[in-house]
Amino acid sequence: MADTNHPEAKFHEGDFMRLLMQHEPALRAYSRSLLPDWNLVDEVIQEASLTLWQKIGQLREEEGFLPWAKVIVRFKCLSAIGKLGRDRHVFSDGVLELLADEADSIEADEQAAAMKALRSCLVNFSKPHQELLLAPYSGEGRVKELAEKAGKSANALYKLLGRLREKLSDCVHENLSSEERNPV
């Protein structure tokens with residue numbers, strides 16, 4: 000529903016929502032490659048969603064949604080980073096452009112395959128280990144909270160987290176490699 004008042008609108012509300020929901024994981028991953036934390040990613044995705052809705056009339060074909068949306072998300076990310084000011088943890092504009100270009104080059108199919116491999120590998124871990132692996136993405140201080148709950152030091156949990164991430168990474172790479180060798 001590009002322009003709700005325009006009788007020739009190509010995409011309707013349902014179309015827009017379906018496309019946004021289908022591509023939101025890729026847009027979140029793309030924005031996270033440019034932004035320093037998940038809270039900022041949430042803000043940017045929310046702002047970008049509104050802009051996408053307002054500009055949906057620019058979209059000609061459904062297949063072009065992701066590249067078109069990435070351009071809007073990219074500008075929203077750069078704007079959000081500009082608002083962060085001179086934080087020493089923020090990359091320079093040149094580095095951000097390089098990261099954005101690299102993230103643009105990742106195909107949606109590759110991202111979908113990686114997510115599938117990640118999900119299939121995560122189930123190989125115990126529930127506590129799954130929770131620990133996901134803790135850094137669940138909000139600030141989550142690992143420390145888990146450490147207190149388990150009666151361990153945060154440092155010990157971070158060391159365990161490093162080992163678990165290595166195992167998870169190996170599993171994901173193995174799954175992706177075997178999928179390349181044996182395509183369905």
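Letter by letter, the sequence shown follows residues 0 to 183 in numbering that gives the first Met the number 0.
Idealized CB from N, CA, C, for every residue including glycine.
So, helix, strand or coil for residue i, using DSSP?
i    : result
V72  : helix
R141 : helix
L18  : helix
L34  : coil
H172 : helix
S152 : coil
S125 : coil
CA-CA distance, residue i and residue j?
i    : j    : result
A146 : A155 : 8 Å
K82  : L19  : 26 Å
I80  : E109 : 27 Å
L131 : N38  : 19 Å
C120 : K158 : 20 Å
Taking buried to mean at least 16 other C-beta atoms within 10 Å of its own C-beta, is residue i buried or exposed?
i    : result
Y136 : exposed
A116 : buried
K151 : exposed
H11  : exposed
P6   : The predicted model places P6 with a pLDDT of 41, which falls under 50 and marks its position as unreliable; any figure quoted below should be read in that light. Exposed, by the Cβ-count rule.
A211 : With the chain represented from 0 up to 183, any question about residue 211 goes unanswered, as that position is not in the structure.
A25  : buried
If I'm right that residue i touches residue j with Cβ under 8 Å, what's the distance once you round it to whole angstroms?
i   : j   : result
G29 : K69 : First, the residue type needs correcting, since residue 29 is Tyr and not Gly in the sequence shown. Rounded, the Cβ-Cβ distance is 6 Å, consistent with contact.
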